[in-house]
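Asks: Per the numbering used here, the sequence shown runs over residues 960 to 1268.
Glycine included, every Cβ here is placed at the ideal spot set by N, Cα and C.
What follows is a single structure, and I will ask about it in a moment.
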Amino acid sequence: MKTVFALSDEYLDYLHSLNYSKKTIRGTRRLLIRFNRYLACSCQVESVEYLGSDVLRKWHAHLSGLRTKEGYPLKATGINRHIVAVRGFLEYLADMGYVRKQLIKVVPYLKEPKTLPKNVVPHTQMRRLLSTIGTDTPENYRNRAMLELLYSSGIRSGELLGLSLADIDIENRTALVHGKGDKDRVVPIGKTAMRYLETWIKAVRPYFVRDPQEKALFLTKAGKRLPYSSFHREVASVVKQSGMDVKVTPHTFRRSCATELIRGGANLYHVKELLGHESLNTLRPYVKLTIVDLKKTHENCHPREKEGS
């Protein structure tokens, strides 16, 4: 009989065949390694034939004792990430005939407290923050273009940094975004953001280009695609230089965009499509939305568009 560890590798290969993102697969691999380590060290279980209800209940109870790097108890949200990974693995094992389907019920999700989005910056403060970004240097102009686009479109930081020149349609003010699970979507870009983006593409980006074949939209001084670590530092620097007493991370721009759109009366389904979320349970799954609808919603509801500047 195969080991749980070997089957974990097969499961990860299966996820790869389904075009799951590299980030998702890396996270799942990390959690399954911890799961396997627990089975081997605490339960002396290596073969899948010994993976039963008692072992899984013991593992599930063990999760409540997990702590963060800082020593704080792991919250339900964090514990549920472990459970998501293992339940997905168990479902795969059941489909392959290694375990019973009922085993999945042995590891239920924890109930997560309903909380409001954190680090949402009101538009008045966001406008002030963006206005503090100078455009006197190529680096500053790049940062202004990136953050204007991030706040305008609500796309994820990884999606922003993954954009290439060919993904931007200046004439129609849209961007082809490559989302989670290799799922592409087209999102509208506001007038203000596009003004900065067009200038970046035509006049500023050439200063960064070292290789004419480089397709990345946003570049480092060395002419390479800007990595997340550098982007995160640039955002922190922008906030510090603004002198504003606000907590802002790259994800704040996405949350603030969504909050302001909803506050402005945007249809929740339109917002879901704009952000690239998988589902919204309160809406019918067969509803279709075109880019024209998205652009109209964006222009009518995003506060940056109402300013006319």
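Measure the alpha-carbon distance for Glu1266 versus Gly1235 and round it to whole angstroms.
Replies: The straight-line gap from Cα to Cα measures roughly 26 Å.
Asks: Round the Cβ separation of Asp1128 and Val1136 to the nearest angstrom and send it over; I've been treating them as touching at under 8 Å.
Replies: Between Val1136 and Asp1128 the Cβ distance is about 12 Å, and since that is not below 8 Å, they are no contact.
Asks: Below 6 Å CB to CB, which residues in the same chain sit around Ala1104 once its five sequence neighbours on both sides are set aside?
Replies: For Ala1104, where only same-chain residues beyond five positions count, the Cβ hits under 6 Å are Tyr1155, Leu1156 and Trp1159.
Asks: Go through its chain and collect everything with a Cβ distance to Arg1164's Cβ below 6 Å, but skip five positions before and after it.
Replies: The answer is none, since no qualifying residue turns up.
Asks: Based on DSSP bridge pairs, tell me the residues matched to Pro962.
Replies: It is worth fixing the name first, because residue 962 is Thr in this sequence and not Pro. Answer is Ser1006.
Asks: For Ser1112, count the other beta carbons within 10 Å of its own beta carbon; 16 or more makes it buried, fewer makes it exposed. Which is it?
Replies: When all chains shown are included, Ser1112 counts as buried.
Asks: Keeping to the same chain, check which residues put their C-beta closer than 6 Å to that of Asn1240; ignore five residues upstream and five downstream.
Replies: The pLDDT assigned to Asn1240 is 40, lower than 50, so where the model puts this residue is not dependable; a value taken from the coordinates is nonetheless given after this. None.
Asks: Just to confirm, is the Cβ distance from Ser1201 to Val1079 under 8 Å?
Replies: No; because the gap between Cβ atoms is not below 8 Å, this pair is not in contact.
Asks: Decide if the stretch 985-1000 is in contact with the stretch 1038-1050; the criterion is three or more beta carbon pairs, one per stretch, under 8 Å apart.
Replies: Judged by Cβ distances under 8 Å, the stretch 985-1000 makes contact with the stretch 1038-1050, as three or more pairs qualify.
Asks: I need the boundaries of the beta strand (DSSP E) containing Ala1175, first residue and last residue.
Replies: Where Ala1175 is concerned, there is no enclosing beta strand (DSSP E), given that its DSSP letter is neither H nor E.
Asks: Give me the DSSP bridge partner(s) of Val1145.
Replies: Bridge partners of Val1145: Leu1135.
Asks: Can you tell which of Leu1185, Gly1056, Met960 and Asn1102 has its C-alpha closest to the C-alpha of Glu1005?
Replies: Residue Met960 is the option with its Cα nearest to Glu1005.
Asks: CA-CA distance, Thr1083 and Ala1225?
Replies: Near 19 Å, if we compare the C-alpha coordinates of Ala1225 and Thr1083.
Asks: Please determine, among Met1203, Val1194, Gly1223 and Asp1204, the residue with the shortest C-alpha to C-alpha distance to Phe1212.
Replies: Comparing Cα positions, the closest option is Val1194.
Asks: Measuring CA to CA, which of Tyr1100, Ala1053, Val1065 and Leu1033 is closest to Glu1071?
Replies: Closest option to Glu1071, Cα to Cα, is Leu1033.
Asks: Under 8 Å between the Cβ atoms of Ser1116 and Tyr1187?
Replies: Yes. Within cutoff.
Asks: Could you give the first and the last residue of the continuous alpha helix (DSSP H) run that contains Asp1054?
Replies: Per DSSP, Asp1054 belongs to the alpha helix (DSSP H) from Ala1035 to Asp1054.
Asks: Put Arg1059 into one of helix, strand or coil per three-state DSSP.
Replies: The answer is coil: DSSP assigns Arg1059 none of H, G, I, E or B.
Asks: With a cut-off of 8 Å on the beta carbons, I'd call His1191 and Pro1209 a contact; round off their distance for me.
Replies: So it is a contact: roughly 6 Å between Cβ atoms.
Asks: Classify Asp1128 as helix, strand or coil using the three-state DSSP reduction.
Replies: Residue state, collapsed to three classes: strand.
Asks: Within the same chain, show all residues whose beta-carbon is closer than 6 Å to that of Met1153, passing over the 5 residues directly before and after it, in chain order.
Replies: Only Arg1132 meet the Cβ criterion.
Asks: Can you tell me whether Arg993 is helix, strand or coil according to DSSP?
Replies: It is helical.
Asks: For Val1112, does the three-state DSSP call read helix, strand or coil?
Replies: Note that residue 1112 corresponds to Ser in the displayed sequence, not to Val. Helix at Ser1112.
Asks: Classify Ser1215 as helix, strand or coil using the three-state DSSP reduction.
Replies: Of the three classes helix, strand and coil, the one that applies to Ser1215 here is helix, per DSSP.
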